[in-house]
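Report on the following structure.
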Amino acid sequence: MLRTRVAAIALSFATLALPAAAQRTVPEAPARTEGDGPHERLIVRGVTVIDGTGAPPWGPADIVIERNRITEIRGVGAPGLPIRDDRRPQGATREIDAHGMYALPGFVDLHGHTGGAQQGTPAEYVYKLWLAHGVTTIRDPGSGNGVDWTLRSRERSARNEIAAPRVFVYVRPGAGWNGGRIDSPEKARAYVRWAAEQGVDGFKLGSYDPPIMEALIDEARKHGLGTQAHLAQTGVAQMNALDAARLGLGSLEHWYGLPEALFDDRTVQHYPADYNYNDEYHRFASAGRLWKQAAEPGSDRWNAVMEELLELGFVLDPTLTIYEANRDVMRARNADWHERYTIPSLWQFYQPSREAHGSYWFDWTTQDEIEWKENFRLWMRFLNEYKNRGGRVCTGSDSGFIYKLYGFDYIRELELLQEAGFHPLEVVRSATVCGAETL
Ligand SMILES: [Zn+2]
Numbered sequence: 006m007l008r009t010r011v012a013a014i015a016l017s018f019a020t021l022a023l024p025a026a027a028q029r030t031v032p033e034a035p036a037r038t039e040g041d042g043p044h045e046r047l048i049v050r051g052v053t054v055i056d057g058t059g060a061p062p063w064g065p066a067d068i069v070i071e072r073n074r075i076t077e078i079r080g081v082g083a084p085g086l087p088i089r090d091d092r093r094p095q096g097a098t099r100e101i102d103a104h105g106m107y108a109l110p111g112f113v114d115l116h117g118h119t120g121g122a123q124q125g126t127p128a129e130y131v132y133k134l135w136l137a138h139g140v141t142t143i144r145d146p147g148s149g150n151g152v153d154w155t156l157r158s159r160e161r162s163a164r165n166e167i168a169a170p171r172v173f174v175y176v177r178p179g180a181g182w183n184g185g186r187i188d189s190p191e192k193a194r195a196y197v198r199w200a201a202e203q204g205v206d207g208f209k210l211g212s213y214d215p216p217i218m219e220a221l222i223d224e225a226r227k228h229g230l231g232t233q234a235h236l237a238q239t240g241v242a243q244m245n246a247l248d249a250a251r252l253g254l255g256s257l258e259h260w261y262g263l264p265e266a267l268f269d270d271r272t273v274q275h276y277p278a279d280y281n282y283n284d285e286y287h288r289f290a291s292a293g294r295l296w297k298q299a300a301e302p303g304s305d306r307w308n309a310v311m312e313e314l315l316e317l318g319f320v321l322d323p324t325l326t327i328y329e330a331n332r333d334v335m336r337a338r339n340a341d342w343h344e345r346y347t348i349p350s351l352w353q354f355y356q357p358s359r360e361a362h363g364s365y366w367f368d369w370t371t372q373d374e375i376e377w378k379e380n381f382r383l384w385m386r387f388l389n390e391y392k393n394r395g396g397r398v399c400t401g402s403d404s405g406f407i408y409k410l411y412g413f414d415y416i417r418e419l420e421l422l423q424e425a426g427f428h429p430l431e432v433v434r435s436a437t438v439c440g441a442e443t444l
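Position 306 (the sequence shown) corresponds to 311 in our numbering; numbering is contiguous.
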């Protein structure tokens, strides 16, 4: 009985915000009037290629693209010498001179909220910021503008009707249907089946009673759909990252649940006595003191958890960038691009507030920043080691919150992975092949 009540309470947190958010949407992207293509035979000339697998750059090369598909990448000479014209592929219907430039696969933002009514960000604004930074694929976690809206954007993008990245639609359980609250494993399965019929690509999960989480993941897998989870603190005591990975969860968003899996001298985070999860200052200040409560790097527990996650093929999507303000709020608030590129409604949304998500700056202190620097250090150590031992660490940005701007702060995620110890080619792999394989 108690367990059912706890589940109902946890669920109400997870679903409360949905109906309102689903009704108020941002404007959809307008029909495309810029750009050209796809082409019968596009040839990109003289470029240096980075393929995203971890292979080093090479060139000069000509890349042949026929109707949106790369059909040939051909070396056309030696660096420092004139291009051998006789070796070049011919018959282009369109050419791009890319001498002195690099060609990379498109970047994948695995945590790309399109932005909702609260941010007041028209889809065109968000999509163009992503495209301008090389982000050609996004996974929209939770479809904050509604399931139909997001599915429509995916289709319009696929048909080239709008200037937008490719969209993968992940929905929050309960969003968009009339089947009532998901308060049992049966309801969870019914929702997944309903969403599969709508054509979604996967599910953004939160905290649920374990049998419901198990049903959601299992049913999604049966339908060949993906799963990603933000394991909120309200649920990590009964389901940490390892528990969820064992159920078959695809990717861990952010990092919540990972220190909890590494606990070896406690079972819950050291919450202060007056902690209230709904006070975001409490939530984020305490989170900054969390990694140091986990087992030490290199300890038996650290190694055992990492090995099991590696065996399960578990994907980490850390979204380091969205937490960066915690270690240096002034840097995030004064980023060079805000003045020119951050629209007023979004800037307003970022301002300190007890209501807006990710705007908990009303009490932030120097000590909080110092704690977060140490938090990052331990977290980055886990990520780098996970990558070194064969694990997948991909890239997502969660922009649109906490002074983080679409596109610009996706690139910042790449810089933070380098800070964690990734070689730039490993960073590019995380940003491209890793995301593509995950989707
Ligand atoms: Zn998110």
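Think of the CB as a built atom: it goes at the ideal place given N, C-alpha and C, for glycine as much as any other residue.
Quick one: using the 10 Å Cβ neighbour count with 16 as the cut-off for buried, is Q95 buried or exposed?
Exposed, by the Cβ-count rule.
So which of F406, A278, Y286 has the shortest CA-CA distance to L325?
Closest by alpha carbon: F406.
Tell me whether A166 counts as near ligand 1, meaning its Cβ is closer than 8 Å to at least one heavy atom of that ligand.
Going by the sequence as given, residue 166 is Glu instead of Ala. No, since every heavy atom of ligand 1 falls outside the 8 Å radius drawn around the Cβ of E166.
Along the chain, where does the alpha helix (DSSP H) that runs through V131 open and close?
Start and end: 128–137.
Label A128 either buried or exposed according to how many other C-beta atoms from any shown protein chain fall within 10 Å of its C-beta, with 16 as the threshold for buried.
Counting Cβ neighbours within 10 Å, A128 comes out buried, since at least 16 surround it.
Please confirm whether H228 and A201 have their CB atoms less than 9 Å apart.
Contact: yes.
In angstroms with no decimal places, state the Cα-to-Cα distance between M335 and G262.
Approximately 28 Å between the Cα atoms of the pair.
Please determine, among E379, R74, W352, K209, the residue with the shortest C-alpha to C-alpha distance to D333.
The option with the nearest alpha carbon to D333 is E379.
Would you list the residues sitting across from Y175 in a DSSP beta bridge?
Answer is P146, G207, bridged to Y175.
Just tell me which of A108, G59, Q123, I48 has its CA closest to the CA of G363.
Looking at the Cα atoms, Q123 is the closest of the given residues.
Taking Cβ to Cβ, would you say R103 is nearer than 9 Å to V140?
Residue identity differs from the one stated: residue 103 is Ala in this sequence, not Arg. Against a cut-off of 9 Å, the Cβ pair of V140 and A103 comes out as no contact.
Which residue's Cα is closest to the Cα of V69: F208, I78, P61?
Measuring from the Cα of V69, the nearest candidate turns out to be I78.
Could you say which of G253, E285, S256, L247 lies nearest to L267 if we only look at CA atoms?
Closest by alpha carbon: L247.
So, at 6 Å on beta carbons, what are the nonlocal neighbours of L314 in its own chain, with the 5 sequence-adjacent residues on each side left out?
Contacts found: A250.
For a test of the three-state rule: what should DSSP assign to R8, helix, strand or coil?
Unreliable positioning characterises R8 in this predicted model, as indicated by a pLDDT of 41, which lies under 50. A coordinate reading is not provided.
Name the one or two DSSP bridge partners that V113 has.
Bridge partners of V113: T142.
Is DSSP giving L421 helix, strand or coil here?
It is helical.
Please look up how many angstroms separate the CB atoms of E224 and R198, rounded, as I've assumed it's under 8 Å.
Yes, they are in contact, since the Cβ atoms of E224 and R198 sit about 7 Å apart, within 8 Å.
Which residues in the same chain have their Cβ closer than 8 Å to the Cβ of A137, if we skip the five residues on either side of it in sequence?
G412, listed in sequence order.
Just to confirm my understanding: we take Y282, look at its own chain, exclude 5 residues before and 5 after, and list those with CB closer than 7 Å. What are they?
Excluding positions up to five away in sequence, the list reads Q238, T239, R288.
Can you tell me which residues fall inside 7 Å of ligand 1, judged by beta-carbon distance to its nearest heavy atom, and keep chain order?
Taking each Cβ in turn, the ones that pass are H116, H118, P146, G147, H235, E258, D403.
DSSP state of S435, grouped into three classes?
It is helical.
Which residue or residues does DSSP assign as beta-bridge partners of V49?
Its beta-bridge partners are I68, I101.
Determine the direct distance from the alpha carbon of L430 to that of L421, and round the result to whole angstroms.
Each residue's Cα considered, the two are about 14 Å apart.
Would you check if the region 206–213 and the region 158–178 touch, i.e. whether three or more CB-CB distances between them fall below 8 Å?
A contact exists between the region 158–178 and the region 206–213.
Run through DSSP, which three-state label would Q231 get?
Position check: residue 231 holds Gly in this sequence, whereas Gln was assumed. Residue state, collapsed to three classes: strand.
Can you list, in chain order, the residues of its chain whose CB lies under 8 Å from that of G184, leaving out five sequence neighbours each side?
K192, A195, Y196, W199.
What do you get for R159, buried or exposed, if any count of 16 or more other CB atoms within 10 angstroms of its CB means buried?
The residue is buried, with at least 16 neighbouring Cβ atoms inside 10 Å.
By how many angstroms is the C-alpha of I222 removed from the C-alpha of G204?
Using only the alpha carbons, I get a separation of about 17 Å.
Could you check what DSSP says for Y355 in three-state terms: helix, strand or coil?
Three-state result, Y355: helix.
Would you call the region 143–154 in contact with the region 106–116, where contact means no fewer than 3 C-beta pairs closer than 8 Å?
Touching, per the Cβ criterion.
May I ask you to report which of helix, strand or coil DSSP gives T76?
Looking at T76 - three-state DSSP - the assignment turns out to be strand.
Here's a check: name, in chain order, each residue in its chain whose Cβ is nearer than 7 Å to the Cβ of R89, leaving out the five neighbours to either side.
Within the same chain, R89 has close Cβ partners V81, G82.
Count the other CB atoms, across all protein chains shown, that sit within 10 Å of the CB of N150; report buried if there are 16 or more and exposed otherwise.
It is buried - the Cβ of N150 has at least 16 other Cβ atoms within 10 Å.
Extract the residue ranges of the beta strand (DSSP E) inside the region 211–266, only unbroken runs of 3 or more that lie entirely within it.
Within the region 211–266, the complete beta strand (DSSP E) runs of at least 3 residues are 231–234, 256–258.
Taking V241 and E265 to be in contact with their CB atoms under 8 Å, please state how far apart those CB atoms are, rounded to whole angstroms.
Yes, V241 and E265 are in contact; Cβ-Cβ is about 5 Å, under 8 Å.
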